[in-house]
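Only one structure is covered here, and it is reproduced in the block below.
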Amino acid sequence: MLIILSIILSYLIGAVSFSYLITKKIKKIDIRKTGSGNAGATNTQRILGTGPAIGVLFLDILKGIVCILIARFLLAVPDWAVVFSGFAAILGHDFPVYYGFKGGKGVATTIGVFFMIMPIEALIAGLVTLAVIALTRYVSLGSLIFLLLTPVLGVFFGTFSNAVLLIMFLITVLAYFQHRANIIRLIHGNENKIGHKKAQA
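201 is the number that our numbering gives the last residue of the sequence shown; the numbers go up by one with no jumps.
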């Protein structure tokens, strides 16, 4: 019952879309119907600017952190269930029940989850990601590298159970699925760069 409670709570917390709420409050528009159509920090930056985007990024990361903390607070919940609760938060962000199951791509919430589960691995992957974004100005490319490199480093360091690693890679698979359009644009060389105001739909 504690595992089920943790997973349900995590999904419901993850389903709160701060980019949707903030954009609706400031501009009275649905962020999912403008810019790139993604309910996330990058699209918020294109529509509202850097300040609101940083706020959305922080709050979305916080969702992942809070859900892991809640799962850990429920002392009888095993490690795999803690990670699965983080997965549930990401699913909530991607497919939010409050907004017709149309949300974002879950990168920021995944950052929160990965840093809570694999802090050293996520830190290394995060530094590589920042370098890639600085060099290429492709946020999506940096995100994809972070999403894959973190669990790969988890395997390399070998301090996690197979169940935990499996769920981490499932999170990565979901994220790559959500970024399938970005991957195609990266391959074709027409992906949007950070600071580019006119996003592709």
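No residue lacks a Cβ here, since even glycine has one placed at the ideal position from N, Cα and C.
Note that the coordinates shown come from a computational prediction; the quantities given were computed from them, not determined experimentally.
Fully contained in the stretch 3-51 are the following alpha helix (DSSP H) runs of length 4 or more, in chain order: 18-27, 41-48. In the assembly as shown, residue 63 is a buried residue. Its beta-carbon has 16 or more other beta-carbons within 10 Å. In the DSSP annotation of this structure, the continuous segment of the alpha helix (DSSP H) that includes residue 121 starts and ends at 119-136. Between the C-alpha atoms of residue 28 and residue 48 there is a straight-line separation of about 12 Å. For the pair residue 143 and residue 113, the CB atoms are not nearer than the 8 Å cut-off. Selection 30, 5, 22 evaluated against residue 54 yields 22 as nearest (Cα-Cα). In the three-state scheme derived from DSSP, where H, G and I count as helix and E and B as strand, residue 74 is classed as coil. Following the DSSP letters along the chain, one finds residue 86 inside the alpha helix (DSSP H) bounded by residues 79-94.
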